[in-house]
Amino acid sequence: DAGVIQSPRHEVTEMGQEVTLRCKPISGHNSLFWYRQTMMRGLELLIYFNNNVPIDDSGMPEDRFSAKMPNASFSTLKIQPSEPRDSAVYFCASSFTGYSPLHFGNGTRLTVT
Amino acid sequence: SQQGEEDPQALSIQEGENATMNCSYKTSINNLQWYRQNSGRGLVHLILIRSNEREKHSGRLRVTLDTSKKSSSLLITASRAADTASYFCATNMDTGRRALTFGSGTRLQVQP
Chain A
134 DAGVIQSPRH EVTEMGQEVT LRCKPISGHN SLFWYRQTMM RGLELLIYFN
184 NNVPIDDSGM PEDRFSAKMP NASFSTLKIQ PSEPRDSAVY FCASSFTGYS
234 PLHFGNGTRL TVT
Chain B
41 SQQGEEDPQA LSIQEGENAT MNCSYKTSIN NLQWYRQNSG RGLVHLILIR
91 SNEREKHSGR LRVTLDTSKK SSSLLITASR AADTASYFCA TNMDTGRRAL
141 TFGSGTRLQV QP
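Order-wise, the sequence lines are chains A and B.
Count the first sequence with my numbering and you get residues 134 to 246, in order.
Count the second sequence with my numbering and you get residues 41 to 152, in order.
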């Protein structure tokens, strides 16, 4: 099993540009999570899906952020327009159920200048 | 807001010594999990302890849970330089949001 796969690994963009982060969860996992990690705020849950349906998006900072899961094997997190304060490492994780251990990807390091 | 808070924030020990990290949380939980993160990598699950369990072992890891005090500890015995990493506790709440809430982490440095 290849684990959770995230792309790109690094993204550098200018303020105002659209950014799309991608995630392929582990096959057979029913839950998918997007987290953001910064030094100041630690690991924050942005949104999680169960069986491709968004269950809790209360962590999404604002309307500039959106996430989709069109099928069980793919999810995207989009930021439009991006701002310097969005700079962080964004992690995708999947699990068999909402209470199971999470399997994390290696993250996307986003830098917005 | 973070559900779990780790203590200490940073810990430096010599190889062979034991490392103890503590975690406190605020609300009733279904389970508590510990994760490890090496620099530049994603988090890796170490151990899960359910709310009705008090102690769990996995190799050199020992986790305790005290639900009356809303606290947990992670003990790494006979530490190795390769144990150098950040360690996070995370909680699944008993009701409501079914997603892990992570603490702020403990940075462990094991000196060879």
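No residue lacks a Cβ here, since even glycine has one placed at the ideal position from N, Cα and C.
What first and last residue would you give for the beta strand (DSSP E) that runs through residue i?
i	result
B/Lys66	Run containing B/Lys66: none; DSSP gives neither H nor E here.
B/His97	95 to 98
A/Glu144	143 to 146
B/Glu45	45 to 47
A/Leu235	Taken as a continuous stretch (DSSP letters only), A/Leu235 belongs to no beta strand (DSSP E), as it is neither H nor E.
B/Ser113	111 to 116
A/Gln213	Careful: A/Gln213 lies outside any beta strand (DSSP E) and carries neither H nor E.
B/Thr104	101 to 106
B/Asn132	125 to 133
A/Ser199	198 to 204
A/Val152	152 to 157
A/Ser140	138 to 140
Under the DSSP definition of a beta bridge, which residues are partnered with residue i?
i	result
B/Gln149	B/Ser52
A/Val186	A/Asn183
A/Tyr168	A/Leu178, A/Phe224
B/His85	B/Tyr75
A/Leu243	A/Glu144, A/Ala221
Measure from the C-beta of residue i to each C-beta in chain A and report whether the shortest distance is under 7 Å.
i	result
B/Ala139	yes
B/Asn70	yes
B/Asn132	yes
B/Ser126	no
B/Asn79	In the sequence as presented, Asn is not what sits at residue 79 of chain B; that position holds Ser. Not one chain A Cβ lies under 7 Å of B/Ser79.
B/Gln149	no
B/Ser64	no
B/Ser119	no
B/Ser52	no
Hey, how far is the Cα of residue i from the Cα of residue j?
i	j	result
B/Ile87	B/Asn71	10 Å
B/Arg90	A/Tyr223	28 Å
A/Gln213	B/Thr60	43 Å
B/Leu114	B/Ser144	15 Å
B/Cys129	B/Glu45	8 Å
A/Phe166	A/Asn184	12 Å
A/Arg209	A/His143	It is Thr, not Arg, that sits at residue 209 of chain A in the sequence shown. Their Cα atoms are separated by approximately 15 Å.
B/Ser52	A/Ala221	26 Å
B/Arg94	B/Ser68	15 Å
B/Arg120	A/Asn204	42 Å
B/Ala122	A/Gly238	21 Å
A/Ile159	A/Cys225	11 Å
B/Gln151	B/Ser126	15 Å
A/Lys201	A/Ser215	17 Å
A/Cys156	B/Trp74	23 Å
A/Thr241	A/Gly175	15 Å
B/Gln149	A/Met193	33 Å
A/Asp196	B/Ser98	43 Å
With a threshold of 7 Å between beta-carbons, can residue i be considered close to chain B, or not?
i	result
A/Gly237	Sequence inspection shows Phe at residue 237 of chain A; the Gly mentioned does not correspond to that position. Chain B contact via Cβ: present.
A/Pro141	no
A/Phe229	no
A/Phe182	no
A/Leu179	no
A/Gly149	no
A/Pro234	yes
A/Leu176	yes
A/Gly161	no
A/Phe207	no
Identify each residue in the segment 82 to 115 of chain B for which the Cβ-Cβ distance to at least one residue of chain A is less than 8 Å, and report them in chain order. Going along the segment 82 to 115 of chain B in chain order, one finds Gly82, Leu83, Val84, His85, Leu88 with a Cβ nearer than 8 Å to chain A.
By the 9 Å beta-carbon criterion, what residues does the segment 187 to 201 of chain A contribute toward chain B? Residues passing the 9 Å Cβ filter: Ile188, Asp189, Ser191, Gly192.
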